[in-house]
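Undergrad:
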Ligand code: NAD
Ligand code: DAU
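Residue numbers (the UniProt record's numbering): 1 to 353.
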């Protein structure tokens, strides 16, 4: 049987571009990447795949209903992996509107277009179809010193970003319970790896450290995040897509709890090793404690027992091996970083000023 293509939203972003790469390499399926190309979406992350026979890029905004309806009709996808979102907490504090538009309204519009399409499929295609919503552990709020987020933890989002993702999770769940759309929801912890926009903690620290700029750690640096290498996340998404039960939620995490200052110190150690001639050694001397993020969640930690027991997924990468590879990738791809930061590709490809 010929498998219908996967429709991936947000495939030009950090996790989405890893998803596109993975499914093209690991399966025979076609991959349709629907992306608006915001500041965070970079087609250069997929440049080597531009002429791949099973890959197609569609420049579109998930908030536009007509465009989404046409995309479903034209490509007849067998599944949707919905990653398109505004993803950065600090930006959501400064400008929540874009987060409500894309994360809440955009998810609603995509659900509506998917439901209309799904209702017209024959029974066996309906049974195979999946709408997989990729979400975050931030919907569960903040933990104290102990405890883990489980699938049945209460939703207590604290930032505008987290609240918008919580709203989108609720919409997806409602489209299953009310209309029967076969949905899957995954809530994952902090990802790291190649091609992450250098506003997030790890790439920002690598680039600043390399250039001898200060390394701004919020507050006391004792907030804890549970880090997962992006390729482990993507393997988890494939596992849930193939084996997950419609209507179910799965938590994904790395069992890698670190304080922010521990993360930054390890990056500094790798920079010292990988840049032995750098005038900025020891890089840890660049660490600067700055004003805290408003409403900063203290600790995130995931209980990934359900996906391990029911679907047999576990992370492979240790934090040390994954972080070393990541630091090396940023050192080796400074042109990617420069062009994504100064927006060159947006001006050249999209004519956006
Ligand atoms: P990202 O910011 O790197 O990429 C987001 C992508 O979505 C970009 O390519 C952007 O152009 C696209 N996009 C934004 N608005 C759009 C719109 N209206 N229409 C179409 N495309 C649009 O984000 P990321 O870090 O790769 O995260 C991807 C998804 O995974 C998000 O839904 C995020 O909430 C979730 N998630 C991220 C993490 C993490 O640590 N980064 C962890 C858990 C869950
Ligand atoms: O938990 C999953 C979430 O992880 C995802 O849903 C989000 O999309 C993703 O951005 C990420 O959110 P965080 O806020 O945890 O990631 P960020 O890289 O922005 O920050 C990680 C921690 O580091 C956080 O405690 C804030 C701190 N930080 C961040 C930056 C950018 C600093 O101390 N200094 C900084 O300059």
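Ideal Cβ positions, reconstructed from N, Cα and C, are used throughout, including at glycine.
Keep in mind that this is a model prediction, so the values were computed, not measured.
What residue range is occupied by the uninterrupted alpha helix (DSSP H) comprising residue 242?
TA: Locating residue 242 in the chain shown gives position 242, counting from the first residue. From DSSP, the alpha helix (DSSP H) with residue 242 extends over 230 to 243.
Undergrad: So if I measure from each beta-carbon to every heavy atom of ligand 2 and keep distances below 6 Å, which residues remain?
TA: Listed by chain position, these are 87, 88, 89, 136, 137, 138, 189, 190, 200, 201, 204, 216, 217, 218, 223, 225, 260, 293, 300.
Undergrad: Leaving aside the five residues before and after residue 105 along the sequence, list all residues of the same chain whose C-beta is less than 8 Å from its C-beta, in chain order.
TA: Stepping through the chain shown from its first residue, residue 105 is reached at position 105. Excluding sequence neighbours, residue 105 sits near 63.
Undergrad: Using only the alpha-carbon positions, how far apart do residue 118 and residue 124 sit?
TA: The residue labelled residue 118 in the question sits at position 118 within the chain shown. The residue labelled residue 124 in the question sits at position 124 within the chain shown. Taking the straight line from one Cα to the other gives about 11 Å.
Undergrad: For a quick check, are the C-beta atoms of residue 113 and residue 68 less than 8 Å apart?
TA: Residue 113 sits at position 113 when you count from the first residue of the chain shown. Residue 68 sits at position 68 when you count from the first residue of the chain shown. Result yes, Cβ atoms of residue 113 and residue 68 sit closer than 8 Å.
Undergrad: To the nearest angstrom, how far is the alpha carbon of residue 103 from that of residue 279?
TA: Taking the first residue of the chain shown as position 1, residue 103 is located at position 103. Taking the first residue of the chain shown as position 1, residue 279 is located at position 279. Whole-angstrom Cα-Cα distance: 43 Å.
Undergrad: Measuring straight from C-alpha to C-alpha, what distance separates residue 177 and residue 248?
TA: On the chain shown, position 177 is the one that residue 177 refers to. On the chain shown, position 248 is the one that residue 248 refers to. Approximately 11 Å between the Cα atoms of the pair.
Undergrad: For residue 42, which three-state DSSP category applies?
TA: To locate residue 42, count along the chain shown from 1; it is residue 42. DSSP places residue 42 in coil when its eight states are reduced to three.
Undergrad: Spatial neighbours of residue 12 within its chain, please: C-beta separation below 7 Å, excluding the five flanking residues on both sides.
TA: For the purposes of this step, residue 12 is identified with residue 12 of the chain shown, where counting begins at 1. Around residue 12: 33, 35, 37, 41, 42, 43, 45, 46.
Undergrad: Go ahead and pull the three-state DSSP assignment for residue 309.
TA: Counting from one through the chain shown, the residue named residue 309 turns up at place 309. Helix, per DSSP.
Undergrad: Closer than 7 Å: is that where the CB of residue 81 sits relative to any heavy atom of ligand 1?
TA: Here residue 81 is taken as the residue at index 81 of the chain shown, counted from 1. Not under cutoff, so the answer is no.
Undergrad: Taking only the alpha-carbon atoms, compute the straight-line gap between residue 109 and residue 20 and give it to the nearest angstrom.
TA: For the purposes of this step, residue 109 is taken as residue 109 along the chain shown, with counting starting at 1. For the purposes of this step, residue 20 is taken as residue 20 along the chain shown, with counting starting at 1. Distance between the alpha carbons of residue 109 and residue 20 is about 22 Å.
Undergrad: Run the CB neighbour count on residue 226, radius 10 Å, all protein chains shown included, and call it buried at 16 or more, exposed below.
TA: As a working mapping, residue 226 is identified with position 226 in the chain shown. It counts as buried.
Undergrad: Restricting to runs no shorter than 4 residues, where is the alpha helix (DSSP H) found entirely within the stretch 38 to 107?
TA: For the stretch 38 to 107, whole alpha helix (DSSP H) runs of length 4 or above, ordered along the chain, are 65 to 75, 89 to 94.
Undergrad: Any heavy atom of ligand 1 closer than 7 Å to the CB of residue 337?
TA: In the chain shown, counting from the first residue as 1, residue 337 sits at position 337. No, the Cβ of residue 337 stays beyond 7 Å of every heavy atom of ligand 1.
Undergrad: Quick one: what's residue 7 bridged to in DSSP?
TA: In the chain shown, counting from the first residue as 1, residue 7 sits at position 7. DSSP, once it has assigned bridges, lists 32, 80 as partnering residue 7.
Undergrad: Compare the C-alpha of residue 80 against each of 101, 86, 128, 92 and name the closest.
TA: To locate residue 80, count along the chain shown from 1; it is residue 80. The candidate whose alpha carbon is nearest that of residue 80 is 128.
Undergrad: For the beta strand (DSSP E) containing residue 131, name the first residue and the last one.
TA: Reading the chain shown from its first residue, position 131 is the one you call residue 131. Residue 131 -> beta strand (DSSP E) spans 130 to 136.
Undergrad: Start and end of the beta strand (DSSP E) containing residue 216?
TA: The residue labelled residue 216 in the question sits at position 216 within the chain shown. Per DSSP, residue 216 belongs to the beta strand (DSSP E) from 215 to 218.
Undergrad: In angstroms, rounded to a whole number, what distance separates the CA positions of residue 246 and residue 173?
TA: For the purposes of this step, residue 246 is taken as the residue at position 246 of the chain shown. For the purposes of this step, residue 173 is taken as the residue at position 173 of the chain shown. Rounded to whole angstroms, residue 246 to residue 173 spans 10 Å at the Cα level.
Undergrad: Taking the alpha carbon of residue 258 as the reference point, which residue from 192, 71, 50, 184 has its own alpha carbon closest?
TA: Along the chain shown, one-based indexing puts residue 258 at 258. Comparing Cα-Cα distances from residue 258 to each of 192, 71, 50, 184, the minimum goes to 192.
Undergrad: First and last residue of the alpha helix (DSSP H) that includes residue 23?
TA: Taking the first residue of the chain shown as position 1, residue 23 is located at position 23. Taken as a continuous stretch (DSSP letters only), the alpha helix (DSSP H) holding residue 23 covers 14 to 26.
Undergrad: Provide the residue span of the alpha helix (DSSP H) that contains residue 267, from first to last.
TA: Locating residue 267 in the chain shown gives position 267, where the first residue counts as 1. Start and end: 260 to 274.
Undergrad: Looking only at DSSP bridge pairs, what is residue 299 linked to?
TA: Here residue 299 corresponds to residue number 299 of the chain shown, with the count starting at 1. Bridge partners of residue 299: 224.
Undergrad: Identify which residue in 7, 136, 98, 15 has its Cα closest to the Cα of residue 59.
TA: As a working mapping, residue 59 is identified with position 59 in the chain shown. With distances taken between Cα atoms, residue 59 lies closest to 7.
Undergrad: Can you name, in chain order, every residue of its own chain whose Cβ lies under 8 Å from the Cβ of residue 90, other than the five neighbours on each side?
TA: On the chain shown, position 90 is the one that residue 90 refers to. Same-chain partners within the cutoff: 199, 293.
Undergrad: Could you pull the DSSP bridge partners for residue 288 from this structure?
TA: Numbered from its first residue, the chain shown carries residue 288 at position 288. In the DSSP output, where bridge partners are listed per residue, residue 288 has 216.
Undergrad: List the residues that DSSP assigns as beta-bridge partners of residue 149.
TA: Numbered from its first residue, the chain shown carries residue 149 at position 149. Its beta-bridge partners are 302.
Undergrad: Whole beta strand (DSSP E) runs in the stretch 153 to 211 with 3 or more residues, listed along the chain?
TA: Runs found: 183 to 188, 190 to 192.
Undergrad: Are the C-beta atoms of residue 267 and some chain C residue less than 8 Å apart?
TA: The chain inventory of the structure shown lacks chain C, comprising one protein chain alone.
Undergrad: Can you name, in chain order, every residue of its own chain whose Cβ lies under 6 Å from the Cβ of residue 131, other than the five neighbours on each side?
TA: The residue given as residue 131 occupies position 131 in the chain shown. Closer than 6 Å at the Cβ level, and outside the excluded window around residue 131, lie 80, 114, 181, 183.
Undergrad: Since I believe residue 165 is in contact with residue 135 (beta carbons under 8 Å), could you give me their beta-carbon distance rounded to a whole number of angstroms?
TA: Stepping through the chain shown from its first residue, residue 135 is reached at position 135. Stepping through the chain shown from its first residue, residue 165 is reached at position 165. Rounded, the Cβ-Cβ distance is 5 Å, consistent with contact.
Undergrad: Looking only at its chain, what residues have a beta carbon closer than 6 Å to the beta carbon of residue 270, apart from the 5 residues adjacent to it on each side?
TA: On the chain shown, residue 270 is found 270 positions in, with the first residue counted as 1. Result list for residue 270: 324, 327, in chain order.
Undergrad: Give the C-beta separation of residue 240 and residue 250 to the nearest angstrom, bearing in mind that I take them to be a contact with Cβ-Cβ under 8 Å.
TA: Here residue 240 is taken as the residue at index 240 of the chain shown, counted from 1. Here residue 250 is taken as the residue at index 250 of the chain shown, counted from 1. With 8 Å as the limit, residue 240 and residue 250 qualify as a contact, their Cβ atoms being about 5 Å apart.
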